[in-house]
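Asks: Position 28 of the sequence shown, counting from 1, maps to 45 under the numbering used here, and the rest follow consecutively.
Input: one structure, supplied below.
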Amino acid sequence: MRLDKFISNCGAATRSEVKKLVKNGSVTVNGAIAKKPDIKIDENKDVVCVSGAELNYREFVYLMLNKPKGYISATEDKHYPVVTELVPEEYAHYNVFPVGRLDIDTEGLLLLTNDGQFDHYMTSPKKNIYKRYFARLDRPAEDEDIEIFKNGMKFKEFTAKSARLEITENPAEVYIEIAEGKFHQVKRMCERVGKNVIYLKRVAIGSLPLDESLEKGKVRPLTEDEMRLLGVYP
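Below you can see the structure in the form of structure tokens.
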């Protein structure tokens, strides 16, 4: 791997900044001052230091975003802003993409990564990972709706698995858990029982809850404990 790519992947500097660091003699490889930013190194063996601090290489990143309304769950779009625009510079160079999707007017928990296997694991129907949403409805939910959600619903292009509907003290505010993530799925399921969703927020994926202290539009890396909650770490 090129030295400048290694350093940028470690989040220590952008590639353009690496040139200045090398020129200033601030970068060493195995104790020797690096002469050029494009020299090849072995990211698994060579010891790279910037200003005396050893860098630890990361191939993949796993991020939590508290998605605000108005953003498309994509890496590019001609008409609307996309969620990757919210990724700070220290992670932007990893070329992350959203894991699954949230509608443009839906808020809450969205994961971002550059790891294709992780994306497949989290979105595969076979894994049966439920996503939990808070929804505000235009009409109160009823007890019979719980059974209808539980029995699953058949739509033109897919059949939704058994879903969980939890009615709060205010019956117009509910929690819904679904195993898929089809286009407008929560809204369509609510419409099936005669209610319209007027506000929707994803609050958990599997056992991983949204960090409510994370402000809307902000991104942070997942902790090892959070990765374990997702079943990624043993």
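Here a beta-carbon is modelled for each residue, glycine too, at the ideal position from N, C-alpha and C.
For Phe114, which residues in the same chain have their Cβ closer than 6 Å to its Cβ, ignoring the five residues on either side in sequence?
Replies: Thr92
Asks: Could you tell me which uninterrupted beta strand (DSSP E) segments, each at least 3 residues in length, are contained entirely in the region 165-205, listed from first to last along the chain?
Replies: For the region 165-205, the full-length beta strand (DSSP E) segments reaching 3 residues or more read 181-184 and 190-195 along the chain.
Asks: List, from N- to C-terminal side, the beta strand (DSSP E) runs of 3 residues or more that fit wholly inside the region 110-163.
Replies: 114-116, 124-130 and 148-154
Asks: Between Lys40, Tyr216, Leu247 and Ile215, which lies nearest to Leu227 when the distance is taken from Cα to Cα?
Replies: Of the candidates Lys40, Tyr216, Leu247 and Ile215, the one whose C-alpha sits nearest the C-alpha of Leu227 is Leu247.
Asks: May I have the straight-line CA-CA distance separating Arg32 from Asn213, to the nearest angstrom?
Replies: 49 Å
Asks: Can you say whether Arg156 is buried or exposed, counting buried as having 16 or more other CB atoms within 10 angstroms of its CB?
Replies: Per the 10 Å Cβ criterion, exposed.
Asks: Between Ala109 and Cys27, what straight-line distance do the alpha-carbon atoms span, to the nearest angstrom?
Replies: 12 Å
Asks: Of the choices Lys173, Glu159 and Gln202, whose alpha-carbon is the least far from that of Asn187?
Replies: Glu159
Asks: Ignore the nearest five residues each way along the sequence and tell me which others in Leu231's own chain have a CB closer than 7 Å to its CB.
Replies: Met81, Asn83 and Arg237
Asks: Please classify Phe23 as buried or exposed, where buried requires at least 16 other C-beta atoms within 10 Å of its C-beta.
Replies: Around the Cβ of Phe23, a 10 Å sphere holds 16 or more other Cβ atoms; the residue is buried.
Asks: For Ile50, count the other beta carbons within 10 Å of its own beta carbon; 16 or more makes it buried, fewer makes it exposed. Which is it?
Replies: Answer is exposed; the Cβ neighbour count stays below 16.
Asks: May I have the straight-line CA-CA distance separating Tyr192 from Val210, to the nearest angstrom?
Replies: Cα to Cα, Tyr192 sits roughly 15 Å from Val210.
Asks: With distances taken Cα to Cα, identify the nearest neighbour of Val78 among Glu197, Ile165 and Leu129.
Replies: Leu129
Asks: As a quick exercise: from Lys86, Ser43, Thr140 and Gln202, pick the residue whose alpha carbon is nearest that of Leu9.
Replies: Not covered by the structure: residue 9. The range shown for the chain is 18 to 251.
Asks: Distance, Cα to Cα, Tyr97 vs Ile89?
Replies: Spanning the alpha carbons of Tyr97 and Ile89 requires a straight line of approximately 7 Å.
Asks: Answer with buried or exposed for Tyr216, where buried requires no fewer than 16 other C-beta atoms within 10 angstroms of its C-beta.
Replies: Exposed: under 16 other Cβ atoms inside 10 Å.
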